[in-house]
Amino acid sequence: MPETPPAPIVHRLERDALGRLVAKTTDDGRTDYSYDAVDQLTAVTFTDLQGNAQALGFAYDAVGQLLAEQSAAGKLQHHYDELGNLIQTQLPDGRWLNRLYYGSGHLHQINLDGQVISDFERDRLHREVLRTQGQLSTRSEYDRSGRLRSRQRRLNSQPSLMPAATQKQFEYDPADNLIGKLDQQTTAQHRQLLHYDATGRIIASQDSLHGQRETFAYDAAANLLDGPQAGAGLVVHNKLLTYQDKRYRYDAFGRMVEKRSAKRGVQRFAYDAESRLVEVRSQKDGRETVVKMTYDPLGRRTAKTEHDSQGYPLGESRFDWEGMRLLQEHRHSQTSLYIYEEDSYAPLARVDGANKHQSVRYYHNDLNGLPEQLTETDGVTVWQARYQVWGNTVQEVREAYFIEEQNLRFQGQYLDREIGLHYNTFRFYDPDVGRFTTPDPIGLAGGDNLYQYAPNTSGWIDPLGLLKEGEVAGYGAKAHKNDGLEAHEIVRNKFLEEKGIAKGRRYKGNPSIALSPEHHDMVHAEENRLRRARGMGPNQMLKRGKLEIRIMSQAIHNSLVKTGIITQQQARTARRSATSFAKRKGCF
């Protein structure tokens, strides 16, 4: 008998006269959206089938800067200086997170209610060269290509002529791939070597201290295989079915619904109408547990609970958000506040507890933002970990009094210890196989392989499980929204206005590259320099799109490719997309 086709997933969308989305109805409920006169989102409300409502509210100033976000967790309020730098954030519990800047907006200090979290010193190019974290200071040095060459960490009380307690050195190949890490400490020396194929995929890792060696093989679509031999592992339509001792099963929509492994037993996964993971049932050695999750109207996870088969509660965590970054976690009557590096998802510090009982712990991360160590303000290590290449934890060591869990992993990821997956904002990531468990919500805009995380983890991040920095989508695409990145157009909108193509608004579909605000500013600065060299003003356009693309491509190459921020291949992709767009619009 043929299988019964699955019930379709239906989203019904309603739009106003201006084309704005005002409502979405699914099998789970209805989401309503409200906007102000300049199209800024002011409210989102989700009402489930039982009539229970969740609401989010947003307020902006006259120039469009976010002033406040209201949610069930309370209210976040923001203040900015005259240059638009975020200088203060008031947390729902009343504490103030403050940022001090110098010059045109270079971060100098972060403090919480006046208590210094970190001070920063910078070189002539405004790159960070010194960071304080309690009684520790970390000095950074760069090579002539702008890549981080070394880090040295020492106690502030230690004489500068003495060797640093911790020294790390980094080596790169001509394609800017990280190929070597040397970690020197007072008691041991650790060296890791990394090897890549011609496309930048990681194929091997060697660890001199722990004798750990990993090798990887892939099929033509970059799916991980058991080995290079034919038939090593089974992949169908980019869905990985077998890998080592693991067996996977998917539903008709490509979502992982079952995983079997020696470590976890049998796990079954259930999703809501937005393809968000809402329940995991795990069975191993006759014991069954159930983990359930809830989300807010923007898709951010707000709660996670674990019960046994009889419904007895085993644990609960609640989560608060600032934009798309995890802000606070509440677990076992304890609150942990996360503070991040500037314009980044890499953690800088965490504040456990509040008021007189709060403790500041500092993160020390790998180059990709993966936490390797936590220290107290006096420099004593309370937690440290080692990982495999794709993020699986090999070893964790903690002090007995450190009762909290350190669950942050790759940037934007949170380890769910109950199920062994990493929550990655809009998807879940499986560190056993280095890939996502469901297809990319943005479809092919996220890449040809809808499950792929990245070619390697040393030079790539995906904080939201959507678009990576340096990748290309059309202006206004979902890929460039709510991810902490900005869309930089390859063909300037002013040029399109002069050609009569864009009329008063940004032209949707204009190829744009996803960049952090800092990297976005770097491109604009280099572009302005190139225009000045031609005797042009910053907003003076050339007559042909071909010449405009040439200037912007050169600016991207000088500011981003040469400094290792994006790859040459990403820059070429951006240029090709812009060229194709300009030809279609008849302005090449």
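1499 is the number of the first residue of the sequence shown in our numbering; add one for each residue after it. A virtual CB, placed ideally from N, CA and C, is assigned to each residue, including glycine.
_Beta-ladder partner(s) of G1477, from DSSP_ = For the chain, the structure presents residues 1499 to 2086; residue 1477 sits outside this window and is missing.
*asked:* Within 10 Å of its beta-carbon, does D1806 have 16 or more other beta-carbons around it, so buried, or fewer, so exposed?
replied: Around the C-beta of D1806, fewer than 16 other C-beta atoms lie within 10 Å, and the residue is accordingly described as exposed.
*Does any heavy atom of the ligand ATP sit closer than 7 Å to the C-beta of E1772?*
In terms of ligand content, the structure shown is empty, and the ligand ATP therefore cannot be addressed.
*What is the DSSP secondary structure of Q1683, counted as helix, strand or coil?*
For Q1683, the secondary structure class from DSSP, reduced to helix, strand or coil, is strand.
*Can you pull the DSSP bridge partners for N1596?*
Under DSSP, the beta-bridge partners assigned to N1596 are Q1586, N1609.
*For the candidate residues T2071, I2064, Q1548, P1953, whose alpha-carbon lies nearest to that of A1696?*
When each option's Cα is compared against that of A1696, the closest is P1953.
*Taking DSSP as the reference, what is the three-state secondary structure of A1975?*
Any reading at A1975 must be qualified, since the residue scores a pLDDT of 44, below 50, and its modelled position is unreliable; the value itself is stated next. Correct three-state label for A1975: coil.
_M2020 in three-state terms, based on DSSP_ = Three-state DSSP puts M2020 in a helix.
*So what does DSSP say about A1847, is it helix, strand or coil?*
A1847 falls in the strand class under three-state DSSP.
*asked:* Using only the alpha-carbon positions, how far apart do S2075 and S2014 sit?
replied: Here the C-alpha atom of S2075 lies approximately 20 Å from the C-alpha atom of S2014.
*Consult DSSP for M2050 and reduce its assignment to one of helix, strand or coil.*
Assignment of M2050 by DSSP, reduced to helix, strand and coil, places it in the helix class.
*Span of the alpha helix (DSSP H) around K1992*: For K1992, the enclosing alpha helix (DSSP H) covers residues 1991-1996.
*Should Y1810 go down as buried or exposed, given a rule of 16 or more other Cβ atoms within 10 Å for buried?*
Exposed is the label assigned to Y1810, since fewer than 16 other Cβ atoms lie within 10 Å of its Cβ.
*List the whole-angstrom C-beta distance separating R1629 from Q1650, where the pair is believed to meet the contact cut-off of C-beta under 8 Å.*
The Cβ separation is near 11 Å, so there is no contact.
*Name, in chain order, the residues that DSSP records as bridge partners for F1556.*
Its beta-bridge partners are E1567.
_Reduced DSSP secondary structure (H/G/I, E/B, other) of L2058_ = L2058 falls in the helix class under three-state DSSP.
*Please state whether DSSP places G1941 in a helix, a strand or coil.*
Here G1941 sits in helix by DSSP.
*With distances taken between CB atoms, is the gap from A2053 to E2025 smaller than 8 Å?*
In this structure, E2025 lies closer than 8 Å to A2053 by Cβ.
*Is the beta carbon of Y1951 less than 8 Å from the beta carbon of D1960?*
With contacts defined by Cβ atoms closer than 8 Å, Y1951 and D1960 form a contacting pair.
*Please report how far the alpha carbon of D1671 lies from the alpha carbon of Q1690, in whole angstroms.*
Cα to Cα, the separation comes out at about 14 Å.
*Whose CA, out of A2000, C2085, G1555, lies closest to the CA of Q1575?*
Answer by Cα proximity: G1555.
*Opposite T1891 in the DSSP bridges: which residues?*
Partner(s): Y1885.
_Span separating the alpha-carbon of P1661 from that of N1991_ = About 53 Å.
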